[in-house]
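In the numbering used here, the protein residues as written are 19 to 179.
Printed below as a string of structure tokens:
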């Protein structure tokens with residue numbers, strides 16, 4: 019299983035990085051499409067399966083500062099539905115995480131997606147990568163999961179082409 023996978027479409031790119039497993043670093047660029055939501059959720063499904071096999075849990079460190087527009091209602095509903103399906107399949111293996119969001123409207127949209135999902139799945143919005151790492155480490159520490167080496171030095175990837 020590759021540590022880094024990308025999805026590239028004309029309007030959107032997605033960089034999914036499991037180099038720091040069990041922390042999953044996900045960086046979005048452009049305008050989210052239904053097919054990228056599906057690809058992302060399939061990847062999360064594989065990562066949650068891997069975590070279960072290794073006896074651990076996964077935390078998501080997302081970055082949506084590269085999005086060019088707010089996700090519309092169709093995308094929000096499909097993400098909420100996918101979260102429900104993943105939570106049903108993987109239970110507590112997915113521990114939530116953080117999402118780097120600069121735009122206050124995007125923070126509100128993230129809250130709506132999580133609320134619509136009907137699952138307890140915490141994705142805390144933060145403003146910076148340093149805050150994201152701090153929060154991620156707090157989640158891992160609370161679960162007794164070792165911190166992955168080098169996460170705090172990770173640099174934001176370029177938009178996949």
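Ideal placement from N, C-alpha and C gives every residue a C-beta, glycine not left out.
Nothing here was measured: the structure is a model prediction, and the numbers come from that model.
Residue i lies in the beta strand (DSSP E); which residues open and close that run?
i           : result
residue 143 : 141 to 144
residue 47  : 41 to 48
Helix, strand or coil: which one does DSSP assign to residue i?
i           : result
residue 134 : Confidence at residue 134 is low in this model, with a pLDDT of 46, below 50, so the placement of that residue should be treated as unreliable; the coordinate-derived value is given next. Helix.
residue 4   : Because residue 4 is not part of the residues shown, which for the chain are 19 to 179, the question remains open.
residue 84  : strand
residue 109 : helix
residue 101 : helix
Nearest CA to the CA of residue i: which residue from the options?
i           : options              : result
residue 47  : 161, 119 and 39      : 119
residue 85  : 146, 49 and 175      : 49
residue 149 : 65, 116, 82 and 164  : 116
residue 171 : 156, 103, 62 and 152 : 152
residue 175 : 66, 29 and 83        : 83
Our contact map puts residue i next to residue j with C-beta atoms below 8 Å; I'd like the distance itself, whole angstroms only.
i           : j          : result
residue 54  : residue 32 : 5 Å
residue 168 : residue 38 : 7 Å
Identify the residues that DSSP records as bridge partners of residue i: which are they?
i          : result
residue 34 : 23 and 44
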